[in-house]
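Chemist:
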Amino acid sequence: MKKLKVIYLWLIRFWSLLNSWHPKNKVIYLMSFDNNLDFIKRLAEKMPTGFRFIVLYRPETEAAATELAAFGIETYQFRDGFKFIFDFVPLLMGARLLFCDNYYAFLGGLRHPKKMQIIQIWHANGAIKKFGWEDPTTAKRSQSDKKRFQEVYDHFDDYIVASKAMGKVFQNSYHEPADKIRLLGYPRSDQYLDKSWQSSARERIFRVAPELKAHRVILYAPTYRPDKQFKLPAGLGDALSADPNAIVVVKLHPVLRNKEIAMRQIGNPRIKFYHELATSELLTVTDTLVTDYSSVAFDFTLLPNAKSLIFFMFDLKQYQLDPGVQNDFRDWLPTTPIMTVEKLKQAILAQQPTDFSRFNQYWNTYNDGRATKRCLKRYLDLLN
78 MKKLKVIYLW LIRFWSLLNS WHPKNKVIYL MSFDNNLDFI KRLAEKMPTG
128 FRFIVLYRPE TEAAATELAA FGIETYQFRD GFKFIFDFVP LLMGARLLFC
178 DNYYAFLGGL RHPKKMQIIQ IWHANGAIKK FGWEDPTTAK RSQSDKKRFQ
228 EVYDHFDDYI VASKAMGKVF QNSYHEPADK IRLLGYPRSD QYLDKSWQSS
278 ARERIFRVAP ELKAHRVILY APTYRPDKQF KLPAGLGDAL SADPNAIVVV
328 KLHPVLRNKE IAMRQIGNPR IKFYHELATS ELLTVTDTLV TDYSSVAFDF
378 TLLPNAKSLI FFMFDLKQYQ LDPGVQNDFR DWLPTTPIMT VEKLKQAILA
428 QQPTDFSRFN QYWNTYNDGR ATKRCLKRYL DLLN
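Shown next, in the form of C-alpha cells:
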C-alpha cells in the first residue's frame, strides 16, 4: 500500500512538472465541506477579467456543487486516481490561487510554482481535537509517512484563521512558521452573525419541523468517530430528554447513522432525527447544544439564540489517546466537561446559562461578520 502511495505521488510530481508551463490564469477551490458556499459565490462574482474560476469537489459535497453549478460556477467532481492525475493535475498547474478546505494528500506530490499561492481555508472555526503532528498516533508512523505529511503542510503559503489560538494550533500541528498565519477570520462564520441568514434559516427549519417552534430545543451533535469505536452510552436518550418541555434533535455524522437505532428503540416522541436538515441551520433554533470534541461548538457560540453549551465527553480517556485533545482544553472551554450520563441529565435539567464571552474572544476573535470582505480583499488584490 505504501509503495502505491509513493508511486502515485511520484506520478503527480512528474505530470505536474510536465504541465508547469500552463499560464497561471485560474482560481481553483478544492471542496470537501459544504460550509463555505457564500464565500465561493462571492469570489466567483468578483473574478477579474482573464481569470477562470473552478471548483473541484469531493463526491460527498455533490449537493453543494449542484447549487454552485446552478449559480454559474464551473464544477468538477474528483477522486484520487489516474483520472485525477491526467485530467485535473494540468488544471491545477494553471492556478494562480488554490484554496483548500482540508488536508489533501496529493499536494505532497504536486509541484508548487512560485506564481501559485496555496491557501488553507480550514473547515472549522477552532480545534478541540488534535491533528497533524499533535495527534498521538503520528509518532507511531514511519519516517516516510511523516515526510509525506510535512510535504503537504509545507505546500500551504497562507493559513486563514480566526484567532491567534487557531494560528498556534496550525504552527504546532503542521510545524509551520508564524508568518504564514493570516488573521482574517473564516468567511463561513459570517452567516452566523447575519440576522437575515438567521431568520431565513429558522423559517426553513420551522417549515420542516414546526414542532420545534414552541419548545426548548436540545441538539445532540457529537463529532465523527470511526464506526467501530463509537458506542452510545446506556441511558443517553433518557438523559437528553430529561426536560419534559424540550425536544431533542439528534444529529450524528452520516457514517454513524446506524447508531441511531438504539435511541429510536426508546420510542420517545420527543427525540427527533431530521436527516434532511443541515446542522448549521439547526443551530439557529437550538437553545442547548450537547457535543463533545466537535467544532460545531465554535459556530453555536456566535448565535444570539445560544443559551447553554454542554460538553459530554464520556470517552475522554480513550479520545485523548486517539486522535488526542488539545492539552489546555480545560482552560478555555466555557463549561466543565461532563463524563457520565447522570451528570448530563442533571445539566439538562439545571438549564444553567453559559457565558461565551471569553471563549469567543479566544477562538472567534476575527469572526466578526466581516471575514469574507477581508479574505476577498487580500486574494483579489493578489490577482489584480
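Here the sequence shown stands for residues 78 to 461, where the numbers follow our numbering.
Beta carbons are placed, not taken as given, at the ideal position from N, Cα and C, and that holds for glycine.
1. Is GLN154 helix, strand or coil by DSSP?
2. Over what stretch of residues does the beta strand (DSSP E) that includes ASP235 continue unbroken?
3. Out of ASP212, GLY127, LEU168, ASP315, point me to the one whose CA is closest to LYS422's CA.
4. Name, in chain order, the residues that DSSP records as bridge partners for THR368.
5. Reducing DSSP to helix, strand and coil, say where ALA76 ends up.
6. Please report the residue range of the alpha helix (DSSP H) in which ALA427 lies.
7. From the DSSP output, read off the bridge partner residues of LYS328.
8. Which one of GLN227, GLY312, ASP212, ASN382 has the shortest CA to CA distance from LEU398?
9. Using a 10 Å radius around the Cβ and a threshold of 16 neighbouring Cβ atoms, would you call HIS232 buried or exposed?
10. Which residues mark the beginning and the end of the beta strand (DSSP E) in which ILE205 is found?
11. For ALA298, does the three-state DSSP call read helix, strand or coil?
12. Under a three-way DSSP split, which group does ARG279 fall into?
13. Return the CA-CA distance between VAL327 and ASN335, expressed in angstroms with no decimal places.
14. For THR442, tell me which candidate among VAL83, LEU94, ALA242 has the shortest Cα-Cα distance.
15. Leaving out five residues on either side along the sequence, give the residues of the same chain with a beta carbon under 7 angstroms from the beta carbon of GLY127.
16. So, is PRO264 buried or exposed, given that buried needs 16 or more other C-beta atoms within 10 angstroms?
17. Going by alpha carbons, who is nearest to ARG119 out of LEU459, LEU453, LEU460?
18. Assuming VAL166 is part of the alpha helix (DSSP H), what are its boundary residues?
19. Per DSSP, which residues does CYS177 bridge with? Please list them.
20. Can you have a look at ARG407 and say buried or exposed, based on whether 16 or more other CB atoms are within 10 angstroms of its CB?
21. Near PHE130, what residues of its chain come up, given a Cβ to Cβ distance below 6 angstroms and the 5 sequence neighbours on each side ignored?
22. Under the three-state reduction of DSSP, which class applies to ALA323: helix, strand or coil?
23. Roughly how many angstroms separate the alpha carbons of MET193 and PRO287, rounded to a whole number?
24. Do the segment 255-262 and the segment 207-225 meet, that is, are 3 or more Cβ pairs less than 8 angstroms apart?
25. Give me the Cα-Cα distance between PRO190 and ALA172, rounded to the nearest whole angstrom.
26. Can you check DSSP and say which residues form a bridge with ALA172?
27. Quick check on this structure: which residue in LYS308, HIS292, TYR153, LEU168 has the alpha carbon closest to the alpha carbon of PRO299?
28. From the DSSP output, read off the bridge partner residues of ARG129.
29. Can you give the beta carbon distance from SER109 to ASN179, rounded, assuming they're within the 8 angstroms contact cut?
30. In three-state DSSP terms, what is ARG407?
31. Excluding the 5 residues preceding and the 5 following PRO400 in the sequence, name in chain order all residues of the same chain whose CB lies nearer than 7 angstroms to its CB.
32. Three Cβ pairs or more, each shorter than 8 angstroms: is that satisfied between the segment 358-372 and the segment 262-281?
33. Under the three-state reduction of DSSP, which class applies to TYR134: helix, strand or coil?
34. For SER97, I'd like the list of residues in its chain whose CB is within less than 7 angstroms of its CB, leaving aside the five on either flank, ordered along the chain.
Modeler: If we stick to the structure as given:
1. strand
2. 235-238
3. ASP315
4. PHE388
5. Residue 76 lies beyond the stretch modelled for the chain, which goes from 78 to 461, so this question has no answer here.
6. 418-427
7. Looking at the DSSP assignment, LYS328 forms no beta bridge with any residue, so it has no partner.
8. ASP212
9. buried
10. Where ILE205 is concerned, there is no enclosing beta strand (DSSP E), given that its DSSP letter is neither H nor E.
11. coil
12. helix
13. 12 angstroms
14. ALA242
15. ASN102
16. buried
17. LEU453
18. 166-169
19. LEU107, GLN197
20. exposed
21. VAL104, ALA121, MET124
22. strand
23. 49 angstroms
24. no
25. 10 angstroms
26. LYS103
27. LYS308
28. LYS103
29. 5 angstroms
30. helix
31. LYS206, LYS207, PHE208, ASP212, THR214
32. yes
33. strand
34. MET170, ARG188, PRO190
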